[in-house]
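*Asks:* Following this message is one structure expressed as structure tokens.
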Amino acid sequence: MHLSTLAQLSTALESKQISSEELTRLYLDRCNQFNDSLNCFITINKDIALAQAKSADKQRAAGNALALTGIPIAQKDIFCTKGIKTSCGSKMLDNFIAPYDATVIEKMNLAGMVNIGKTNMDEFAMGSSNETSFYGPVRNPWDKDTVPGGSSGGSASAVAARLSPAATGTDTGGSIRQPASLCGITGLKPTYGRVSRYGMIAFASSLDQGGPMTQTAEDAALMMNVIAGFDERDSTSAEHPVDDYTANLNESIEGLKIGLPKEYFGAGLDSNIAKIVEDGIKELEKLGAVCKEIELPNTQLSIPAYYVVAPAECSSNLSRFDGVRFGYRCEDPKDLSDLYCRSRGEGFGKEVKRRIMIGAYVLSAGYYDAYYLKAQQIRHLIRDDFQNAFKNVDVIAGPTATGTAFKLNEKINDPISMYLSDIYTVSVNLAGLPAISVPAGFSNKLPVGMQLIGNYFEESRLLNIAHRFQQATDHHKAIPGGFE
Ligand code: GLN
Numbered sequence: 014m015h016l017s018t019l020a021q022l023s024t025a026l027e028s029k030q031i032s033s034e035e036l037t038r039l040y041l042d043r044c045n046q047f048n049d050s051l052n053c054f055i056t057i058n059k060d061i062a063l064a065q066a067k068s069a070d071k072q073r074a075a076g077n078a079l080a081l082t083g084i085p086i087a088q089k090d091i092f093c094t095k096g097i098k099t100s101c102g103s104k105m106l107d108n109f110i111a112p113y114d115a116t117v118i119e120k121m122n123l124a125g126m127v128n129i130g131k132t133n134m135d136e137f138a139m140g141s142s143n144e145t146s147f148y149g150p151v152r153n154p155w156d157k158d159t160v161p162g163g164s165s166g167g168s169a170s171a172v173a174a175r176l177s178p179a180a181t182g183t184d185t186g187g188s189i190r191q192p193a194s195l196c197g198i199t200g201l202k203p204t205y206g207r208v209s210r211y212g213m214i215a216f217a218s219s220l221d222q223g224g225p226m227t228q229t230a231e232d233a234a235l236m237m238n239v240i241a242g243f244d245e246r247d248s249t250s251a252e253h254p255v256d257d258y259t260a261n262l263n264e265s266i267e268g269l270k271i272g273l274p275k276e277y278f279g280a281g282l283d284s285n286i287a288k289i290v291e292d293g294i295k296e297l298e299k300l301g302a303v304c305k306e307i308e309l310p311n312t313q314l315s316i317p318a319y320y321v322v323a324p325a326e327c328s329s330n331l332s333r334f335d336g337v338r339f340g341y342r343c344e345d346p347k348d349l350s351d352l353y354c355r356s357r358g359e360g361f362g363k364e365v366k367r368r369i370m371i372g373a374y375v376l377s378a379g380y381y382d383a384y385y386l387k388a389q390q391i392r393h394l395i396r397d398d399f400q401n402a403f404k405n406v407d408v409i410a411g412p413t414a415t416g417t418a419f420k421l422n423e424k425i426n427d428p429i430s431m432y433l434s435d436i437y438t439v440s441v442n443l444a445g446l447p448a449i450s451v452p453a454g455f456s457n458k459l460p461v462g463m464q465l466i467g468n469y470f471e472e473s474r475l476l477n478i479a480h481r482f483q484q485a486t487d488h489h490k491a492i493p494g495g496f497e
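If you want it as structure tokens, here you go:
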């Protein structure tokens with residue numbers, strides 16, 4: 014049963030093959046069995062999960078069950094959960110119990126889903142390897158000496174090892190898609206504003222977006238049906254009609270025009286990855302898609318622009334963690350300034366401090382025009398590149414990450430090489446577009462993801478293509494050894 018997708022679990026619950034309580038116990042047992050070796054959960058919510066499961070069983074018995082009622086889910090520890098610790102992977106929030114639920118959590122609760130635990134993540138979602146977490150690194154179930162990717166690495170590892178049938182993630186510069194790629198699962202980053210950011214602890218507000226991390230595109234569609242939509246409590250939430258994301262999954266993709274950016278297949282891409290992604294694209298051609306080379310000429314500017322914009326916004330967002338209004342407070346401060354300095358100095362880790370310093374620098378008088386303003390201008394160029402491309406093609410395909418899962422400690426002391434590995438994901442956030450990563454094969458026994466990028470609010474189309482791809486391939490069904 015633990016190998017089932019959300020869609021299969023929904024049928025099993027509906028046909029009374031299993032109760033939500035039994036299912037929840039099964040996943041909690043797996044979490045307890047494997048969390049010591051994978052470290053993908055910061056908190057396992059045994060009591061709350063069992064109470065939610067019992068109430069889901071009652072809801073079903075009363076005939077009020079929705080598609081995902083009674084199904085366990087793991088939540089990235091960036092989403093505020095009422096009464097449950099929400100740490101954001103930081104010592105700063107190690108003892109923070111949120112007084113309210115994020116909209117995403119509220120919607121899942123209303124749908125009757127069972128929150129089995131809060132997943133480990135890079136501190137304040139800053140990282141590509143999950144090694145910046147205060148709670149220690151997460152391990153990739155495909156090879157425990159490698160990273161699961163980041164920052165939603167706990168979620169990706171938990172779903173890949175089937176400790177949870179699905180999870181939430183957030184993506185500021187690739188944090189849903191890159192760990193999905195490195196762990197062999199499906200990850201959808203929706204259009205900016207499609208999923209509410211209310212109660213999702215902010216890293217870079219103009220880039221952050223929550224979304225599903227699942228085994229299949231069909232499951233991502235089921236989850237989107239629960240979490241997508243306008244939220245008046247998030248001022249950047251989009252007032253755009255919401256699709257039924259499962260409605261078009263089976264549509265033919267005959268005649269679909271796929272753009273292949275030449276910048277995504279050049280230097281810097283591992284040749285095995287290139288081959289696997291090209292084979293994935295051939296599979297889409299067999300299903301009737303037509304490919305054409307395109308250009309995204311400002312791709313090489315996306316990393317420098319992102320690593321100015323994201324730190325700038327983070328330095329502003331994280332100023333609230335001062336030991337007074339929010340967060341860890343140091344012991345015996347001498348005076349107010351000592352309280353601020355030591356609380357922040359002791360509460361934040363190295364990568365977060367590095368970003369705050371970069372952000373404060375690029376926003377400071379005298380440097381603002383040269384760095385922040387320039388980065389914002391580049392952001393427009395990147396958005397225009399995509400809009401020009403979408404005049405000729407329906408979607409864009411390419412790799413998700415430059416390589417497979419790398420070794421723990423391989424890049425942690427070399428931030429530039431860590432940042433460069435985000436080259437195929439960050440421009441999507443700078444433009445605010447939706448994109449999905451789907452398992453496309455294996456290189457040296459480690460998973461490889463293929464990325465599909467759509468125009469604004471075209472999540473349904475991405476899910477349709479990804480679903481057709483998954484019906485024609487088996488990569489998404491592979492389970493890491495020892496977790497079958
Ligand atoms: N790796 C990127 C960063 O460190 C993206 C992180 C994210 O998407 N949250 O900023």
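To convert, note that position 25 of the sequence shown is 38 in the working numbering; the numbers rise steadily by one, no gaps. Idealized CB from N, CA, C, for every residue including glycine.
Is Gly462 close to the ligand GLN? I mean its beta-carbon at under 7 Å from any heavy atom of the ligand.
*Replies:* Translated into positions along the sequence shown, residue 462 becomes position 449. Every heavy atom of the ligand GLN is 7 Å or more from the Cβ of Gly462, so no.
*Asks:* For Leu459 versus Thr417, is the C-beta distance shorter than 8 Å?
*Replies:* Translated into the one-based positions of the sequence shown, residue 459 becomes position 446. Translated into the one-based positions of the sequence shown, residue 417 becomes position 404. Result yes, Cβ atoms of Leu459 and Thr417 sit closer than 8 Å.
*Asks:* Ala20 and Glu231 - do their beta-carbons sit closer together than 8 Å?
*Replies:* For the purposes of this step, residue 231 is taken as the residue at position 218 of the sequence shown. For the purposes of this step, residue 20 is taken as the residue at position 7 of the sequence shown. A contact, by the Cβ cut-off of 8 Å.
*Asks:* Considering only DSSP beta bridges, list what Ala453 is partnered with.
*Replies:* As a working mapping, residue 453 is identified with position 440 in the sequence shown. Paired residues: none, contrary to the question.
*Asks:* Could you tell me the alpha carbon to alpha carbon distance between Met121 and Val255, rounded to whole angstroms?
*Replies:* Residue numbering aside, residue 121 sits at position 108 when the sequence shown is read from its first letter. Residue numbering aside, residue 255 sits at position 242 when the sequence shown is read from its first letter. So the two alpha carbons sit approximately 16 Å from each other.
*Asks:* So what does Met431 bridge to, in DSSP terms?
*Replies:* Taking the first residue of the sequence shown as 1, we reach residue 431 at position 418. Answer by DSSP bridge pairing: none, since Met431 is not bridged.
*Asks:* Note down, in chain order, each residue of its chain lying with its Cβ closer than 7 Å to the Cβ of Ala241, except the 5 sequence neighbours on either side.
*Replies:* By one-based count along the sequence shown, residue 241 stands at place 228. Cβ neighbours of Ala241 beyond the five flanking positions: Pro203, Arg207, Val208, Val255.
*Asks:* Any chance you could list the alpha helix (DSSP H) runs of at least 4 consecutive residues sitting entirely within the segment 178-221, in chain order?
*Replies:* Fully enclosed alpha helix (DSSP H) runs of 4 or longer: 190-196.
*Asks:* What residues match up with Glu35 in a beta bridge as DSSP calls it?
*Replies:* For the purposes of this step, residue 35 is taken as the residue at position 22 of the sequence shown. BP columns for Glu35 are empty, so no partner.
*Asks:* Should Ala62 be labelled buried (16 or more other beta-carbon atoms within 10 Å of its own) or exposed?
*Replies:* Your numbering for residue 62 matches position 49 in the sequence shown. Buried, since its Cβ has 16 or more Cβ neighbours within 10 Å.
*Asks:* Alpha carbon to alpha carbon, how far is Glu364 from Tyr374?
*Replies:* One-based indexing of the sequence shown puts residue 364 at position 351. One-based indexing of the sequence shown puts residue 374 at position 361. Approximately 15 Å between the Cα atoms of the pair.
*Asks:* Which word fits Leu235, buried or exposed, when buried means at least 16 other C-beta atoms lie within 10 angstroms of its C-beta?
*Replies:* Taking the first residue of the sequence shown as 1, we reach residue 235 at position 222. With 16 or more Cβ atoms within 10 Å of its Cβ, Leu235 is classed as buried.
*Asks:* For Gln400, which of helix, strand or coil comes out of DSSP?
*Replies:* Here residue 400 corresponds to residue number 387 of the sequence shown, with the count starting at 1. It is helical.
*Asks:* Hey, is the segment 468-488 in contact with the segment 311-324, meaning 3+ C-beta pairs nearer than 8 Å?
*Replies:* With the cut-off at 8 Å, the segment 468-488 and the segment 311-324 do not touch.
*Asks:* Can you tell me whether DSSP reads Phe137 as helix, strand or coil?
*Replies:* Stepping through the sequence shown from its first residue, residue 137 is reached at position 124. If DSSP states are grouped into helix, strand and coil, Phe137 belongs with the helices.
*Asks:* Please state the DSSP three-state secondary structure of Met272.
*Replies:* Numbered from 1 along the sequence shown, position 259 holds the residue referred to as residue 272. Note on residue identity: the sequence assigns Gly, not Met, to residue 272. Residue state, collapsed to three classes: strand.
*Asks:* In angstroms, rounded to a whole number, what distance separates the CA positions of Tyr148 and Ala302?
*Replies:* The residue given as residue 148 occupies position 135 in the sequence shown. The residue given as residue 302 occupies position 289 in the sequence shown. Roughly 44 Å between the two C-alpha positions.
*Asks:* Run the proximity test for Phe216: is its beta-carbon closer than 7 Å to any non-hydrogen atom belonging to the ligand GLN?
*Replies:* Position 203 of the sequence shown, counted from the first residue, corresponds to residue 216. Phe216: yes, Cβ under 7 Å from the ligand GLN.
*Asks:* I believe Ile214 touches Cys343 by the beta-carbon criterion, under 8 Å. Please report the beta-carbon distance rounded to the nearest angstrom.
*Replies:* By 1-based counting over the sequence shown, the position of residue 214 is 201. By 1-based counting over the sequence shown, the position of residue 343 is 330. About 21 Å separates the two Cβ atoms, so there is no contact after all.
*Asks:* Give the DSSP bridge partners of Val239, in chain order.
*Replies:* As a working mapping, residue 239 is identified with position 226 in the sequence shown. DSSP lists no partner for Val239.
*Asks:* Out of Arg73, Ser440, Thr94, Phe419, which one is the CA nearest neighbour of Gly212?
*Replies:* Position 199 of the sequence shown, counted from the first residue, corresponds to residue 212. Minimum Cα distance to Gly212 is reached at Thr94.
*Asks:* How about His139: is its Cβ closer than 7 Å to a heavy atom in the ligand GLN?
*Replies:* Here residue 139 is taken as the residue at index 126 of the sequence shown, counted from 1. The sequence shown places Met at residue 139, rather than the His named in the question. Yes, since a heavy atom of the ligand GLN falls inside the 7 Å radius drawn around the Cβ of Met139.
*Asks:* For Gln222, which of Leu106, Asp158, Thr116, Lys420 has the nearest alpha-carbon?
*Replies:* Mapped onto the sequence shown, residue 222 falls at position 209. Of the candidates Leu106, Asp158, Thr116, Lys420, the one whose C-alpha sits nearest the C-alpha of Gln222 is Thr116.
*Asks:* Evaluate Pro112 with the Cβ neighbour count: other Cβ atoms within 10 Å of its Cβ, from every protein chain shown; 16 or more gives buried, anything less gives exposed.
*Replies:* Taking the sequence shown and counting its residues from 1, the one referred to as residue 112 is at position 99. Under this definition Pro112 is an exposed residue.
*Asks:* Around the Cβ of Glu11, are there at least 16 other Cβ atoms within 10 angstroms (buried) or fewer (exposed)?
*Replies:* What the structure shows of the chain is the stretch from 14 to 497, and residue 11 is not part of that stretch, so it cannot be assessed.
*Asks:* Roughly how many whole angstroms lie between the Cα atoms of Lys404 and Leu309?
*Replies:* As a working mapping, residue 404 is identified with position 391 in the sequence shown. As a working mapping, residue 309 is identified with position 296 in the sequence shown. Looking at the two C-alpha atoms, the distance is approximately 13 Å.
*Asks:* Applying the criterion that 16 or more other CB atoms from any shown protein chain within 10 Å of the CB defines a buried residue, is Gly76 buried or exposed?
*Replies:* Within the sequence shown, numbered from 1, the residue matching residue 76 stands at position 63. So Gly76 ends up on the exposed side.
*Asks:* With three or more beta-carbon pairs closer than 8 Å as the criterion, would you say the segment 456-472 touches the segment 184-198?
*Replies:* Result yes; three or more Cβ-Cβ pairs closer than 8 Å.
*Asks:* How should His489 be labelled, buried or exposed, when 16 other C-beta atoms within 10 angstroms of its C-beta is the threshold for buried?
*Replies:* Reading the sequence shown from its first residue, position 476 is the one you call residue 489. The residue in question, His489, is buried, as its Cβ has 16 or more Cβ neighbours within 10 Å.
*Asks:* Tell me whether Ser188 counts as near the ligand GLN, meaning its Cβ is closer than 7 Å to at least one heavy atom of that ligand.
*Replies:* Within the sequence shown, residue 188 is the residue found at index 175, counting from 1. Answer for Ser188: yes, Cβ within range of the ligand GLN.
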